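Residue numbers for the sequence shown, in mature numbering (1 follows the signal peptide of the UniProt record, and there is no 0): -21 to -1, 1 to 495.
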Amino acid sequence: MKKILFIAALLSIAFNNQLRAQVKAPVKKKVAIAPASRSIDFFNMNGDDAVQVLNDEFKKLKIVLTGLDERPIYDFNFGSNDKIDEIGTEHRLYFSKGLSARVTEFSADKRISKLLFFISDEKQYTEIKKLLGFAAWKILNEGNNDTTYRNGNIFANIVSAEGVEDKKPVMYYSITAEVAKQGDTYSPESSQAFDVSNLALNHKSDDVINQAINFVKKLGYTFFYKSMESHFVDRKTGKRYGSESTAYFSKSLSIQFSVNKLWSVNEIVFRSTDLIAFSKLKKAFNLSAWTYNGTLGNGSINSYTNKNIDCEVDGSAPKIIFTIHPELNDIDTRLKLAPTPTLADLIKLHNSGTEKEVAKNITKTYLNKISYNESLKRYTFDTTASDFYFYFLSPTNTLVQVYLKIPLTTDFTAPFFVNSSDKAYLKSLADEFDASEYTQYYSKVLLENQFRIHDNNVEATRKRVEAERMEQARLSELEIERQNAEKERLKAEKAARLNESLNKINDALRQMIKKP
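1) Measuring straight from C-alpha to C-alpha, what distance separates Val10 and Asp35?
2) Thinking C-beta only, is Asn181 closer than 8 angstroms to Thr312?
3) Does the distance from the C-beta atom of Glu84 to that of Gly46 stay below 8 angstroms?
4) Just to confirm before moving on: does the CB-CB distance between Tyr227 and Phe203 stay below 8 angstroms?
5) Am I right that Leu33 and Leu95 are in contact with their C-beta atoms under 8 angstroms? What's the rounded C-beta distance?
6) Could you give the residue range of the alpha helix (DSSP H) that holds Ala263?
7) Using a 10 Å radius around the Cβ and a threshold of 16 neighbouring Cβ atoms, would you call Lys146 buried or exposed?
8) Among the candidates Glu291, Ser400, Lys298 and Phe391, whose CA atom is the shortest distance from the CA of Leu254?
9) Could you tell me the boundaries of the alpha helix (DSSP H) in which Asp311 lies?
10) Quick check: Tyr351 and Tyr358, are their CB atoms within less than 8 angstroms of each other?
11) Using DSSP's beta-bridge definition, name the partner residues of Tyr128.
12) In its own chain, which residues sit with a C-beta less than 6 angstroms from the C-beta of Lys117, not counting the 5 before and 5 after it?
13) Beta-carbon within less than 8 angstroms of Met24's beta-carbon, same chain only, minus the 5 sequence neighbours each way: which residues are those?
14) I'd like the span of the alpha helix (DSSP H) that includes Ile63, first residue to last.
15) Determine the contact status of Leu405 and Leu425, defining contact as a CB-CB distance below 8 angstroms.
16) Name the one or two DSSP bridge partners that Pro51 has.
17) Out of Gly142, Asp186, Tyr421 and Met150, which has the shortest C-alpha to C-alpha gap to Asn167?
18) Sorted by chain position, which residues of the same chain lie with C-beta nearer than 6 angstroms to residue 510's C-beta, five sequence neighbours on each side aside?
19) Give every residue of the same chain whose Cβ lies closer than 8 angstroms to the Cβ of Ile310, excluding the five residues on either side of it in the sequence, and list them in chain order.
20) Lys343: which of Tyr421, Pro318, Leu322 and Tyr200 sits nearest, CA to CA?
21) To which residues does DSSP link Tyr271 through a beta bridge?
22) Can you tell me which of Gln190, Glu106 and Lys218 puts its alpha carbon nearest to the alpha carbon of Asp61?
23) Where does Ala409 sit, in a helix, a strand or coil, going by DSSP?
24) Whole angstroms are fine: how far does the CA of Ala403 sit from the CA of Asn428?
25) Rounded to the nearest angstrom, how far is the Cβ of Leu314 from that of Tyr370, given a contact under 8 angstroms?
26) Considering only residues of the same chain and omitting the five flanking positions on each side of Phe173, which have a CB-CB separation below 8 angstroms?
27) Give, in chain order, every unbroken run of the alpha helix (DSSP H) that is at least 4 residues long and sits entirely within the segment 176 to 233.
28) Taking the alpha carbon of Trp242 as the reference point, which residue from Phe257, Lys230 and Tyr220 has its own alpha carbon closest?
29) Considering just the uninterrupted stretch of the alpha helix (DSSP H) at Ile42, what are its terminal residues?
30) To which residues of the same chain is Arg431 closer than 7 angstroms at the C-beta, ignoring the five residues directly before and after it?
31) DSSP three-state call for Tyr420: helix, strand or coil?
32) Is it buried or exposed for Lys93, if we count other Cβ within 10 angstroms and need 16 for buried?
33) So what's Gln380 in DSSP terms, helix, strand or just coil?
34) If you draw a straight line from the C-alpha of Leu275 to the C-alpha of Tyr421, how long is it?
35) Any heavy atom of the ligand ADP inside 7 angstroms of the beta-carbon of Leu355?
36) Does His304 come out as helix, strand or coil in the three-state DSSP assignment?
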């Protein structure tokens, strides 16, 4: 009897492993693929050589290069968005069968510093791991859907996620491998503790990042490394408008930092697929003291607010997102961070909801609620000022004022007035109008220091916008229903596979019991 129980236990373990593999990998038609012939030391190659090797190796897998794009990498002085020098190149490779890769090379040593793969095929994933030689790398962390490796000063992170294609479950993978430079694996003790409820946009980004890393270390998690900072550059102007980096820890925990054009952290995302670590994080943030706003999406996201900070806790991801907004009385920061809208942006803003909803959208995006203080001889924050007068800077850093009117009437048909001395910006709005479908519904007026449009039929526009809004709401509801139905279908499939497997185990046990 003991032997039967032992064999049954082994069968159960083996089958559970098989079941997990079935869940992770979709059943596909078997295709013979030539195995990767060798593991390759990409990090001792330059960019051009690495691109050629990837092309040659993927050809063996019947994967064809379909596109190649090269983008320069620039250096910036802290606090400035003007590029200094071109310090490297990012090669973006696009292949058939849903595979893409990025190869980053810095000019100083002509060596690869980062490799990134986006994969949508299980066999591609297996062969790329062989190509990179991960079998010889040390595993630092192995989570439910992510693994962190180390090979000397090179770190790699693999993340997998379930998806659906043609109503069938599929797995997507990303593999990031990069050289950790001196300082990327070390975080000095910070003199100030990390307090997410008191973050502000005037805090230095390096200090906030260091404080957050030390905060997680003090919770008992091992810090592995921080990825190099990736700057986002406008390809037209060459100006930096933000950057991003990620710190990796044990227990599948990571922190992603987004830094805005003022070089301050404006978003922090904590992730962990380890449910105990995720729960520990939530408790450490003391969100019960924040204002609870209810749920978002399909109900899996809980929304909180504390002063100028929004928080979203997504238990299905699982992740916690903190978004830091400028404080309402911080006029200078709000003005500098306000985007320069297009005509389409302004019309969309005007049609974004009720008077209250539009006012909220304006406050969230632009500078408003200010008035001129005669005694101080400057603009100051004024809670009594109108929500619908708002300000931003044009592409030439010229002040622009907009007055937005809602609702429109037959006597007042202009949705908004745009006032500025920047004639080029006003003309760009007029040119956008002439080339758009808006000519069907509005007429324009362009003056020396003002641009405005007039609604040709206020009532017809109101009905059209309301119909569009209702259709969008209907489509959103349908999408949520589709996602929920797909989740239930996948759940039923897994249950069916489990039931089938249990039947197989029972059959095997019956056969063993029948044997003398």
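Using N, Cα and C, we set each Cβ at its ideal position, and we do this for glycine too.
Only a predicted model underlies this, so the values are computations on that prediction, with no experimental measurement involved.
Quick look at the numbers:
1) Your numbering for residue 10 matches position 31 in the sequence shown. Your numbering for residue 35 matches position 56 in the sequence shown. A caution first: Val10 carries a pLDDT of 38, below 50, which makes its placement in the model unreliable, though a value can still be read off. About 20 angstroms.
2) As a working note, residue 312 is residue 333 in the sequence shown. As a working note, residue 181 is residue 202 in the sequence shown. Cβ distance < 8 angstroms, so Thr312 and Asn181 count as in contact.
3) Along the sequence shown, one-based indexing puts residue 84 at 105. Along the sequence shown, one-based indexing puts residue 46 at 67. Taking 8 angstroms as the Cβ cut-off, Glu84 and Gly46 do not qualify as a contacting pair.
4) Here residue 227 corresponds to residue number 248 of the sequence shown, with the count starting at 1. Here residue 203 corresponds to residue number 224 of the sequence shown, with the count starting at 1. Taking 8 angstroms as the Cβ cut-off, Tyr227 and Phe203 qualify as a contacting pair.
5) Here residue 33 refers to the residue found at position 54 of the sequence shown. Here residue 95 refers to the residue found at position 116 of the sequence shown. Leu33 to Leu95, Cβ: 12 angstroms. No contact.
6) One-based indexing of the sequence shown puts residue 263 at position 284. Where Ala263 is concerned, the enclosing alpha helix (DSSP H) stretches over Leu254 to Phe264.
7) Your numbering for residue 146 matches position 167 in the sequence shown. Classification for Lys146: exposed.
8) Counting from 1 along the sequence shown, the entry for residue 254 is found at position 275. Ranking Glu291, Ser400, Lys298 and Phe391 by Cα distance to Leu254 puts Lys298 first.
9) By one-based count along the sequence shown, residue 311 stands at place 332. Start and end: Ile310 to Leu316.
10) As a working mapping, residue 351 is identified with position 372 in the sequence shown. As a working mapping, residue 358 is identified with position 379 in the sequence shown. The answer is yes: Cβ separation under 8 angstroms.
11) Along the sequence shown, read from residue 1 onward, the residue named residue 128 stands at position 149. For Tyr128, the pairing in a beta bridge is given by DSSP as Ile118 and Ala135.
12) As a first step, residue 117 is located in the sequence shown; it is residue number 138 there, counting from the start. For Lys117, where only same-chain residues beyond five positions count, the Cβ hits under 6 angstroms are Arg129.
13) Indexing the sequence shown from 1 puts residue 24 at position 45. For Met24, where only same-chain residues beyond five positions count, the Cβ hits under 8 angstroms are Val32, Arg90 and Ile91.
14) In the sequence shown, the residue the question calls residue 63 occupies position 84. Taken as a continuous stretch (DSSP letters only), Ile63 belongs to no alpha helix (DSSP H), being part of the beta strand (DSSP E) at Lys62 to Phe74.
15) Counting from 1 along the sequence shown, the entry for residue 405 is found at position 426. Counting from 1 along the sequence shown, the entry for residue 425 is found at position 446. Yes, Cβ-Cβ distance for Leu405 and Leu425 is below 8 angstroms.
16) Position 72 of the sequence shown holds residue 51. In the DSSP output, where bridge partners are listed per residue, Pro51 has Thr68.
17) Residue 167 sits at position 188 when you count from the first residue of the sequence shown. One detail in the question is off: residue 167 reads as Pro in this sequence, not Asn. Nearest C-alpha to Pro167: Asp186.
18) Given a span of -21 to 495 for the chain in the structure shown, any question on residue 510 remains unanswerable.
19) In the sequence shown, counting from the first residue as 1, residue 310 sits at position 331. For Ile310, where only same-chain residues beyond five positions count, the Cβ hits under 8 angstroms are Leu346, Ile349, Tyr358, Thr359 and Phe360.
20) On the sequence shown, residue 343 is found 364 positions in, with the first residue counted as 1. Among Tyr421, Pro318, Leu322 and Tyr200, the Cα nearest to that of Lys343 is on Pro318.
21) In the sequence shown, residue 271 corresponds to position 292, counting from 1. Paired residue(s): Tyr283.
22) The residue you call residue 61 lines up with position 82 of the sequence shown. That would be Lys218, whose Cα lies nearest to the Cα of Asp61.
23) Taking the first residue of the sequence shown as 1, we reach residue 409 at position 430. Residue state, collapsed to three classes: helix.
24) Sequence index remark: in the sequence shown, residue 428 carries index 449 (1-based). Sequence index remark: in the sequence shown, residue 403 carries index 424 (1-based). Distance between the alpha carbons of Asn428 and Ala403: 10 angstroms.
25) As a first step, residue 314 must be located in the sequence shown, where it is residue number 335. As a first step, residue 370 must be located in the sequence shown, where it is residue number 391. Right, the Cβ-Cβ distance comes to about 6 angstroms (below 8 angstroms), so this counts as a contact.
26) Stepping through the sequence shown from its first residue, residue 173 is reached at position 194. Taking Phe173 as the centre and dropping the five residues before and after it, the same chain places the C-beta of Val187, Gln190, Ala191, Asn193 and Phe194 closer than 8 angstroms to its C-beta, in chain order.
27) 184 to 197
28) Against the sequence shown, residue 242 aligns to sequence position 263. With distances taken between Cα atoms, Trp242 lies closest to Tyr220.
29) As a first step, residue 42 is located in the sequence shown; it is residue number 63 there, counting from the start. Careful: Ile42 lies outside any alpha helix (DSSP H) and carries neither H nor E.
30) Here residue 431 refers to the residue found at position 452 when the sequence shown is read from its first residue. Ala393, Phe395, Phe396, Val397 and Val424, listed in sequence order.
31) As a working note, residue 420 is residue 441 in the sequence shown. Coil at Tyr420, not helix or strand.
32) Sequence index remark: in the sequence shown, residue 93 carries index 114 (1-based). Answer is buried; the Cβ neighbour count reaches 16.
33) Here residue 380 refers to the residue found at position 401 of the sequence shown. Three-state result, Gln380: strand.
34) Stepping through the sequence shown from its first residue, residue 275 is reached at position 296. Stepping through the sequence shown from its first residue, residue 421 is reached at position 442. Near 35 angstroms, if we compare the C-alpha coordinates of Tyr421 and Leu275.
35) The model on display carries no ligand, and the ligand ADP is accordingly not part of it.
36) Position 325 of the sequence shown, counting from 1, holds the residue named residue 304. DSSP places His304 in coil when its eight states are reduced to three.
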